[in-house]
Every structure is written in structure tokens, then in C-alpha cells.
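Under the numbering used here, the first residue of the sequence shown carries the number 1, and numbering increases by one thereafter. Here's the structure, in C-alpha cells; my notes come after.
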Amino acid sequence: MKATLITNIGELTTNVGTPDDPCGTRRDAAVLIEGERIAWVGTSAEARALGLGRDPDFGAEEVRPDVGNPPRTRHEEHVEVVDAEGRAVIPGFVDSHTHLVFAGDRADEFEARMKGAPYAAGGIRRTVAATREASDDALRRRLRSFVAELHAQGTTTFEVKTGYGLTVADEERLARLAAEVTPEVTFLGAHVVPPEYADRRDDYVDLVCGAMLSACAPHSRWVDVFCETGAFTPEESRRVLAAGVAHGLEPRVHGNQLGTGEGVRLAVAMGAASVDHCTYLDDADVAALASSRTVATLLPGVEFSTRQPYPDARRLIDAGVTVAIASDCNPGSSFTSSMPLMIALAVREMGMAPAEAVWAATAGGARALRRDDVGVIAPGLRADLVLLEAPTRTHLAYRPGVPLVARVWKDGAPL
Numbered sequence: 001m002k003a004t005l006i007t008n009i010g011e012l013t014t015n016v017g018t019p020d021d022p023c024g025t026r027r028d029a030a031v032l033i034e035g036e037r038i039a040w041v042g043t044s045a046e047a048r049a050l051g052l053g054r055d056p057d058f059g060a061e062e063v064r065p066d067v068g069n070p071p072r073t074r075h076e077e078h079v080e081v082v083d084a085e086g087r088a089v090i091p092g093f094v095d096s097h098t099h100l101v102f103a104g105d106r107a108d109e110f111e112a113r114m115k116g117a118p119y120a121a122g123g124i125r126r127t128v129a130a131t132r133e134a135s136d137d138a139l140r141r142r143l144r145s146f147v148a149e150l151h152a153q154g155t156t157t158f159e160v161k162t163g164y165g166l167t168v169a170d171e172e173r174l175a176r177l178a179a180e181v182t183p184e185v186t187f188l189g190a191h192v193v194p195p196e197y198a199d200r201r202d203d204y205v206d207l208v209c210g211a212m213l214s215a216c217a218p219h220s221r222w223v224d225v226f227c228e229t230g231a232f233t234p235e236e237s238r239r240v241l242a243a244g245v246a247h248g249l250e251p252r253v254h255g256n257q258l259g260t261g262e263g264v265r266l267a268v269a270m271g272a273a274s275v276d277h278c279t280y281l282d283d284a285d286v287a288a289l290a291s292s293r294t295v296a297t298l299l300p301g302v303e304f305s306t307r308q309p310y311p312d313a314r315r316l317i318d319a320g321v322t323v324a325i326a327s328d329c330n331p332g333s334s335f336t337s338s339m340p341l342m343i344a345l346a347v348r349e350m351g352m353a354p355a356e357a358v359w360a361a362t363a364g365g366a367r368a369l370r371r372d373d374v375g376v377i378a379p380g381l382r383a384d385l386v387l388l389e390a391p392t393r394t395h396l397a398y399r400p401g402v403p404l405v406a407r408v409w410k411d412g413a414p415l
């Protein structure tokens, strides 16, 4: 079994935290990877005392009680040693909200917004038209280029939504293509009502809850709905989510992006894993989130691109709400896949401390996907790690726009 020891880590963010340090920070740390999993976490001194990285039989003999609990297995292969040289290591980013399967471009909309035009949900229909015309191979090539982009920026786990097909055949192929690159596929047939159903909304909701859902469910884990003015009403949204749950999918919600509404409380009532956007919240929304397992996933790239007000992360965190941040990578309102940029925006614009933003981009994203095997660096979990070209995680916000990802491991393998 292949093993890798990362040692001389100046600052290790484990996310095995305490109230005073939710990031579970360790100094002068070391991490041992065996196969796809983390085998041991300790200090560099403990690693040296155990002979980790020198003797292929390390851990097979007597274990000293003062150096933690290293693995006791015998290794037949040499251990690769990576000297972090005092740099920081964090868990791989978990991007719990993306729309990566699409064709076309909407740069003209971005330019118009920068000149003062308001953002509206209707631009989605342009991407739908372009995506319907694209071949499977063209969509697959573009999707895989986005995945490479994610990996290069330290994202090791990500979700992908459908929603740019809006016919049975097109939504099925988007779900199928997304499932080629991630197990976290979300059926979003209820993105907007397509033009051909403009005067037959009920018929389209019937289609989403019937044939379209049946076609997409085998490729999907999640069902989502855009509960917003210009998209779907709370009643329509509840019906879509209930149909998805009946097909074995877990719910999540787009809500409260363009104004106050019922999206957040619907998500909580339906037991959704997350409600995403959360830009406009009243006190009842915050209270509902604080008393639930539903994660508030904030998408600062959207506010950057649309000039909408940023969500108040400080208000949510102080109320006890679990907060995640994600990229919402899509061609209309947030055409970026950079989780480091999301961290910088969350710190600068949303009232988050750097440690809170890094936690939200890793462990928070994992909670939004109800994953307990990623987003944390601890023995037995997936070995998804990022070595930063920086001494601390704070540099992700301190040095915005600078490529600080030095190395990435996904399931124990370097990317």
C-alpha cells in the first residue's frame, strides 16, 4: 500500500476543533497517508521519534505512549516523505454548489450589470438554449476542463447540478454527464420554467415531478428547486421537493437570493441539507436555521458578479447557524470556480474571520453535502489535502488573487 508522510507542517487545519479553535489548529505537524485514507496525525517530532518515513517497518514494533497513536501495520513499500517546510496544510475544499454542465457564454450580461443593469433570473434561458444545442462530447469536454480547474485550485469534493436542459432528455444527459465526475449530482429541473411552457406552468411542474425526475433520479443524489420570484413559488417548490424525496433523493433549496421569501423556511420544514444564497433573511429565517440541521450555504461570487448585497454571515454564525461557502460556478451570476476567492470575499464582505471562512469552505461544505468523510483531517477519513504556498490559512484572504495552492492530494493521490 502506498504511503505518504507530510511533515514539517507549520500550521495544520484539521477541523477537529474546539469552541475556541473550530479549525483544530496544530503546529509543526505531520500527517501520514496510507492508500486513500489518513492513517495518523501528530507532530513532526512524534513522526521522527517513530521513524516514520525512514523505516518501511515503522509502527510494527513497540509504540511509545508519549507519541500518540500511530498505525501498527507493516508496510512493504517505501514511504514518500513530503517536507512542507513550514507551510500550511488544510483539508481539500468542498464546493457544495456548482452548475458545471452547460454550453455558451453570458459575458455580455456581466458587462451590462457592471454598467448598472439589474440581475434577473431570466438569463438562465439563454444557457438552456445553448446547452440543448451542444453535443454530449462538447459538454463532457467542457465539464472535464472545469474539473481540472477545480482541482488546480484545491477543490477535491464538489457538487454539480443539472438545470440547463429542462427537457426530459436534456436533463437526463446532464445528470448522466455530471455523474461521470462526482457522486454529488443534483437534479434541478425546477431551475426556471422554459419558454415553451411559459403559459403552462402547471404542466411543466407535472413534467418535473414525473417523467423528468424518473429519468434523472438514477444518476442523482439530490433534488433542488429555485424557490424565488421569477422561478418557482413556495407551493410549486414544495411539490418538487416532495416528489424528489419520494424517489429517494435528498432535498436542497435555492432560496432568498433576490428578496425575502419562504425559501429558507421551506428548506427547514423539508429537512433540506442546505439552503443556498440566503442573501435576504428576516429574524424568523435565522431562527429557523439555528434550530435545524439545514446549512446556510453562502455564495459570495454571486454578489461579486451581480452587485447584490452580500449575505450577513456574522449574523448567522452568531445565531448558531452552520454556514458553508461555495462558488456557485455558473455562466450567468458567478462564473468562477475559485474557492480561495470565495474565502477572500467572505472575509472582506461578509463579516467572517479567516478561520471561519476556511472552515466554511471545507467542513462547512461537507456538512452541506452531509458527508462525514471529507472536509476534516483525521485518521480514517479520505486523504484530501492541500499544501499552501503560505505559512498560514489566513493568507487565502490576506493575498487574494495569488495562486497559493502548491500541491493537492485527492484520495491520497497527488493531482
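Where is the CB? At the ideal position from N, CA and C, for every residue including glycine.
(message) By alpha-carbon positions, which one of Leu5, Thr25, His78 ends up nearest to Glu46?
(response) Looking at the Cα atoms, Leu5 is the closest of the given residues.
(message) If you reduce the DSSP assignment to three classes, tell me which class His395 lands in.
(response) It is helical.
(request) Look up Val79 in the DSSP assignment and give the residues it is bridged to. (result) Ala3
(request) Can you tell me which of the three DSSP states Gly51 falls into? (result) coil
(request) Within its chain, find whatever has a CB closer than 6 Å to the CB of Ala178; leave out the 5 residues flanking it on each side and keep chain order. (result) Val101, Val160, Val185
(request) Identify every residue that forms a DSSP beta bridge with His254. (result) Answer is Phe226, Asp276, bridged to His254.
(request) Look at the Cβ atom of Ala152, then the Cβ atom of Val405, and state whether they are nearer than 8 Å. (result) With contacts defined by Cβ atoms closer than 8 Å, Ala152 and Val405 form a contacting pair.
(request) Using the Cα positions of Gly165 and Lys2, report the straight-line distance between them to the nearest angstrom. (result) 42 Å
(request) Sort Glu36, Met270, Gly351 by Cα distance to Trp409 and report the nearest one. (result) Glu36
(message) Considering only the alpha carbon of each residue, which of Ala246, Val264, Leu258 lies closest to Arg252?
(response) Out of Ala246, Val264, Leu258, Val264 has the C-alpha closest to the C-alpha of Arg252.
(message) Taking a contact to mean a Cβ-Cβ separation below 8 Å, would you say Pro482 touches Ala267 in this structure?
(response) It is not possible to answer for residue 482, since the shown part of the chain is limited to 1 through 415.
(request) Identify which residue in Thr127, Gly271, Ala117, Ala112 has its Cα closest to the Cα of His99. (result) Thr127
(request) For my contact list, Arg144 and Pro183 are in at a C-beta cut-off of 8 Å; report their separation, rounded to the angstrom. (result) About 16 Å separates the two Cβ atoms, so there is no contact after all.
(request) Along the beta strand (DSSP E) that carries Asp95, what are the first and last residues, could you check? (result) Looking at the DSSP string, the run of the beta strand (DSSP E) that includes Asp95 is 93 to 95.
(request) From the DSSP output, in three-state form, read off Val185 for me. (result) strand
(request) Grab me the residues of Arg173's own chain with a C-beta within less than 8 Å of its C-beta, minus the 5 sequence neighbours each way, in chain order. (result) Asp136, Leu139, Gly165
(message) To the nearest angstrom, how far is the alpha carbon of Ile90 from that of Thr14?
(response) 7 Å
(request) Flag this pair as touching only if the segment 355 to 374 and the segment 108 to 119 have three or more C-beta atom pairs under 8 Å; answer yes or no. (result) no
(request) Tell whether a beta-carbon distance below 8 Å holds between Ala319 and Thr297. (result) no
(message) Between Ala215 and Glu149, how many whole angstroms is the CB-CB distance? I'm expecting something under 8 Å.
(response) Rounded, the Cβ-Cβ distance is 29 Å, inconsistent with contact.
(request) Please list, in chain order, all residues of the same chain as Ile9 whose beta carbon is under 6 Å from its beta carbon, the five residues on each side excluded. (result) Ala29, Ala84, Val89
(request) Compare the beta carbon distance of Thr167 and Leu188 with 8 Å and say whether it is the shorter of the two. (result) no
(request) Report all residues from its chain with a CB closer than 8 Å to the CB of Ser44; omit the five preceding and five following residues, and keep chain order. (result) These residues qualify, in order along the chain: Thr7, Asn8, Ile9, Asp28, Ala29, Ala30.
(request) Verify whether the separation of the beta carbon atoms of Ala313 and Val302 is less than 8 Å. (result) no
(message) So, with DSSP's three-state summary, where would you put Ala390?
(response) Coil.
(message) Rounding to the nearest angstrom, what Cα-Cα distance links Cys227 and Thr392 in this structure?
(response) Distance between the alpha carbons of Cys227 and Thr392 is about 39 Å.
(request) Measure the Cβ-Cβ separation of Thr155 and Gly92 and say whether it is below 8 Å. (result) yes
(message) At the level of alpha carbons, what is the spacing between Arg106 and Gln257?
(response) Straight through space, the alpha carbons of Gln257 and Arg106 are spaced by roughly 20 Å.
(request) Kindly indicate the opening and closing residues of the beta strand (DSSP E) around Arg27. (result) 25 to 34
(request) Could you check if Arg201 is buried or exposed, using at least 16 other CB atoms within 10 Å of its CB as the buried criterion? (result) exposed
(request) Look up Thr155 in the DSSP assignment and give the residues it is bridged to. (result) Phe93
(request) At 4 residues or longer, and completely inside the segment 124 to 175: list those alpha helix (DSSP H) runs for me, N to C. (result) 124 to 133, 136 to 152
(request) Below 6 Å CB to CB, which residues in the same chain sit around Thr73 once its five sequence neighbours on both sides are set aside? (result) Below a pLDDT of 50, predicted positions are generally treated as unreliable, and Thr73, at 42, falls in that range; no measurement from the model is reported.
(message) Taking the alpha-carbon of Leu249 as reference, which of Ala273, Ser237, Asp276, Ala217 has the nearest alpha-carbon?
(response) Ala217
(message) Once the 5 residues before and after Ser292 are set aside, which same chain residues still bring their CB inside 7 Å of it?
(response) Val268
(request) Excluding the 5 residues preceding and the 5 following Ala290 in the sequence, name in chain order all residues of the same chain whose CB lies nearer than 6 Å to its CB. (result) Ala319, Gly320, Val321
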